[in-house]
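This report concerns only the one structure given below.
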Amino acid sequence: MSDYDFQEIETRWQRTWAASGAFEVGEDPKRPKFYCLEMLPYPSGDIHVGHVRNYCITDVISRCKTMRGMNVMHPIGWDALGLPAENAAIKKGVHPETWTRSNIASMKRQLQRLGFSYPWSREIATCDPEYYRWNQWFFLRMLEKGIAYRAKAPVNWCPSCLTVLANEQAEGGLCWRCKSVVEQRDMEQWFLRITAYQDALLDDMAQLPTWPERVLQQQRNWVGKSHGAEVDFPVDGFAPIRIFTTRVDTICGATFMLLAPEHPMVDGLLADLPDAAARKDEIGRLRAQDRRARLEGRVQKEGVFTGRHATNPFTKEKIPVWVGNFVLMGYGTGAIMSVPAHDQRDFEFARKYGLEVRVVIQPEGEKLEGATLAAAYDGPGRVVNSGEFDGLVAEEAIPRMAAWAQQKGVGKATVTYRLKDWLISRQRYWGTPIPVVYCDKDGMQPVKDEELPIVLPQDAPFTGEGGNPLEKVPAFVQATCPKCGGRARRETDTMDTFVDSSWYFYRYLSPRKSDGPFDAATVKYWFPIDLYVGGIEHAILHLVYSRFWTKAMRDLGLVTLDEPVTRLFPQGMVHKDGEVMSKSKGNTVAPDDVIARYGADTLRLYILFAGPPELAMEWSESGIEGPHRFLHRVWRLVDRHAEAFAREPRVPLSGELPSAAKELRRKLHQTVDRVTRDIEERIQLNTAVAALMELVNEIYRVEADVAAGPARAALREALETLVLLLNPFTPHVCEELWARLGHAESLVRQPWPIFDAAAAREDAVELAVQVNGKVRGRVVVAREAGEDQIRAQALADPRVAEHLLGKQIVKFVVVPGRLVSMVVK
RNA sequence: GCGGAAGUGGCGGAAUGGCAGACGCGCACGCCUUAGGAGCGUGUGCCCGAAAGGGCGUGGGGGUUCGAGUCCCUCCUUCCGCACCA
């Protein structure tokens, strides 16, 4: 009997696993495969509790599936390119690669201290040229197919940092670093044509029945498919203004039009008018003021009349054309028809500028008047004031009026999407160089495959003065045109790092392959991913990009899959003191400190026990004591019998067992069933842990009664089964106890306990007896007791009888194994 | 505004429509100990009661059912996305 020295046990077993390559895997056609994926971490410096939670979930499932006889792929890698490394370089004068590699080293050590079951030989880092060369290779294939293209587009420009920012880095219209208001600039950029897949991204959701609805819903919103109509409003002397609307049924109520301030027709419309300059200034003010007003939360609607009129093609009326600060250039056509009677935004605008409000949808049994309307009416009703369409209900009017527009050649039913093509250009150093050059003679030319990888130069200057450091490396910029052999300028934009994470899970399968991104046969064996666990914050960007990437690869003939992931399990965040745990809030907990005090097994157990994995969990310092005490209890319980069992010959469980042994086996096998289903089916790990705690309590309770004689075999079974069931959660202490129980082999591939349904069955059950919905007594009946017998016993219960005195039983319900319910009056 | 998730003891949280509060934290009392921030045991939703027992209880209100935390309707609150999306 010895103390539970978790530090010594944990480091020793971690060394043993590493030395034996315990978690290395390969393709094995004889065993069913299980690809268990977790989101690869960004090497920011330290593992945080959120990572730990993510990886504990996958580790328990991986270890359990392995014990269940499956061939499990459970790899890890590093999402190692990205802005923070470059900022560290600017701030501390270290090269981004040095910073990144040293972070990887320390985070790897932290992961190893947690005992996760990774095949480390498959570790990848996306900053490795042997990884990002395949980003470049994919890019070239996509360029050939027209999936990648270059175009001018508005981007976020920070006037103080003198650089372009990713959308995510310009949140709320402010530069994330210096907080200045970002400007929109038109620049030549690289895009991936994700919009070619917008319907596939929606339709293929049918192949994802086990994805959580909230994720699918977020993705649907992100794609933002919206059915409506486009209609052209002619303007004398100009091209017609094309609008998009979902409510073409209200078009006869359109009393003015609005253009986005950035709309390309605005300047032309103003051109020859006498007061053009003043109007132009006003509109310029709207463009500038718009973003600021939005981020301050003041969303006042403002507009400027252009001085021009357009013709409503349905009513032939001339209506004024305005510029409105709430019309977005990025959605629809950047121009709208304004129907103030039936759209609240248009209503507010019309009231402010004294524009006409005309009712064209009349609700049942009411009479709305434009002049007295208090708010826009957007409910159901019938069309009025709309000529031949009067009397139709709105839903009928929409297709009819769209068809009319098409027939007259002024519009058509159409569909718009919120989704935009994926802008992958970044004017930054620490990313994958985009493999093209620009030749004065031949223009843009893709680099030849043989020249890949285009490697980042080591000697770029990180000054923090803005601009892309790559531009300042002449040896990098100077290139040869692959077509004419003349001088060319190399592209200095690098790729968005979301490119790296869109396909990394294929690379794990053949991580060192040098003649292709992955091996088709291994993909065929391992894909699709059976379970993907990660933070809910990636519900859109990463998970949409990954789905797109697989579809694009399919169309390039590289894979045969439509979707990469069968089951997605987004785990909840970790909170502390009611807030999300984060560096900026300063409420983080360092896993290393917890491990030093309690050990990795306790940390793993606590983080899984604290709550259901899909919901936010609340971190509490005192809560961790429970699992820690539990492991001590397990240790004492098993260790005090271990030596004896290790020596004793194995006695089969046979014949009639004493009742204490039968009770123990009942609880034991009920626990086997619960734990197995909680891990494999429900992914409800907190209740699996609770079941194991109950089991330990039960073993303690009957320990003395089963320590000797024929019952002793049941004690041994219980202790060994406990160690096996607990192993996925707390593998170090379990390995140690397993060894002490006399086993030479590691637990990693030990077969999972087999559920014995007969042993788990209760032979007597206690039923509650309800009278008018209230429990008035209990009866113990044999498992197979018939209804008559149960009825007789229930009525015989003295307390029940008391409540029946002078009453009539009008209904009698027996729920086998549960309760008896009677209604009396 | 739209979408999603969630409201259960002092706290984290359990409950295929079937005995609400499993398991753990905390707390109280006791045992053991030279000592304990160790271990063991008992108790612990609220109210009345010495007890037996009774009443009330899963955000509020209504409904379905022999039976509702769970299903339906409605309202309220909190958190998380997206958001002047036409």
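For the first sequence, counting from 1, position 657 maps to 648 in our numbering; every step adds exactly one. Note that beta-carbon positions come from the ideal geometry of N, C-alpha and C, so glycine has one too.
PRO444 is not a Cβ neighbour of PHE130, given a cutoff of 9 angstroms. The Cβ atoms of CYS27 and ARG595 do not sit closer than 9 angstroms to each other. Rounded to whole angstroms, the gap between the alpha carbons of VAL535 and LYS82 is 33 angstroms.
The DSSP-derived three-state label of TYR322 is coil. Boundaries of the beta strand (DSSP E) harbouring ARG176: 174 to 183, taken from the DSSP string. Residue pairing of LYS403 in beta bridges, as defined by DSSP: GLU221. Counting every other CB atom within 10 Å of its CB across the protein chains shown gives GLU1 a total of 16 or more, marking it as buried. CA-to-CA, the gap between ARG409 and GLU612 works out to about 45 angstroms. With respect to the 9 angstroms criterion, LEU264 and GLY298 are classified as neighbours on the basis of their beta carbons.
Restricting attention to beta strand (DSSP E) runs no shorter than 3 residues, the stretch 510 to 551 encloses them at 522 to 526, ordered along the chain. In the structure shown, HIS632 falls within a helical segment according to DSSP collapsed to helix, strand and coil.
Residue pairing by DSSP puts VAL806 in a beta bridge opposite LEU810. Across the structure, GLY372 and THR236 are spaced so that their CA atoms are roughly 18 angstroms apart. Residue pairing of MET435 in beta bridges, as defined by DSSP: TYR429.
A distance below 9 angstroms separates the beta carbons of LEU716 and VAL663. Residue burial is scored here from C-beta neighbours: GLY84 has fewer than 16 other C-beta atoms within 10 angstroms and is therefore classed as exposed. Here ALA367 really is in contact with PHE338; their C-beta atoms are around 4 angstroms apart, less than 8 angstroms. Where ILE95 is concerned, the enclosing alpha helix (DSSP H) starts and stops at 87 to 104. Secondary structure in the stretch 298 to 382: the beta strand (DSSP E) runs of 3 residues or longer, each lying completely within the stretch, are 309 to 315 and 326 to 329 in chain order.
CA-CA distance, ILE531 to GLN209, rounds to 7 angstroms. When DSSP states are grouped into helix, strand and coil, ALA251 belongs to the coil group. Around the beta carbon of GLU570, fewer than 16 other beta carbons sit within 10 angstroms, so the residue counts as exposed. Taking a contact as a CB-CB distance under 8 angstroms, the pair LEU655 and ALA709 counts as one, their CB atoms being some 6 angstroms apart.
DSSP lists VAL226 as the beta-bridge partner residues of PHE229. Separation of VAL806 and ASP630 (C-alpha to C-alpha, rounded to the nearest whole angstrom) is 43 angstroms.
As the crow flies, the alpha-carbon of ARG238 is around 8 angstroms from that of ALA220. Beta-bridge pairing by DSSP links PRO561 to GLY525.
TYR46: member of the alpha helix (DSSP H) spanning 40 to 58, first to last residue. Rounded to whole angstroms, the gap between the alpha carbons of GLU360 and LYS292 is 23 angstroms.
In the three-state reduction of the DSSP assignment, THR721 falls in the coil class. Taken in chain order, the stretch 127 to 154 contains no complete alpha helix (DSSP H) segment of 4 residues or longer.
Per DSSP, the unbroken beta strand (DSSP E) holding GLU757 starts and ends at 755 to 762.
CYS475 carries a coil assignment under DSSP once its states are collapsed to helix, strand and coil. DSSP places GLN398 within a helical segment (H, G or I) once states are collapsed to three. In this structure, MET486 and ILE415 form a Cβ contact; the two beta carbons are roughly 5 angstroms apart against a cut-off of 8 angstroms. Within the DSSP secondary-structure output, TYR26 pairs in a beta bridge with MET64.
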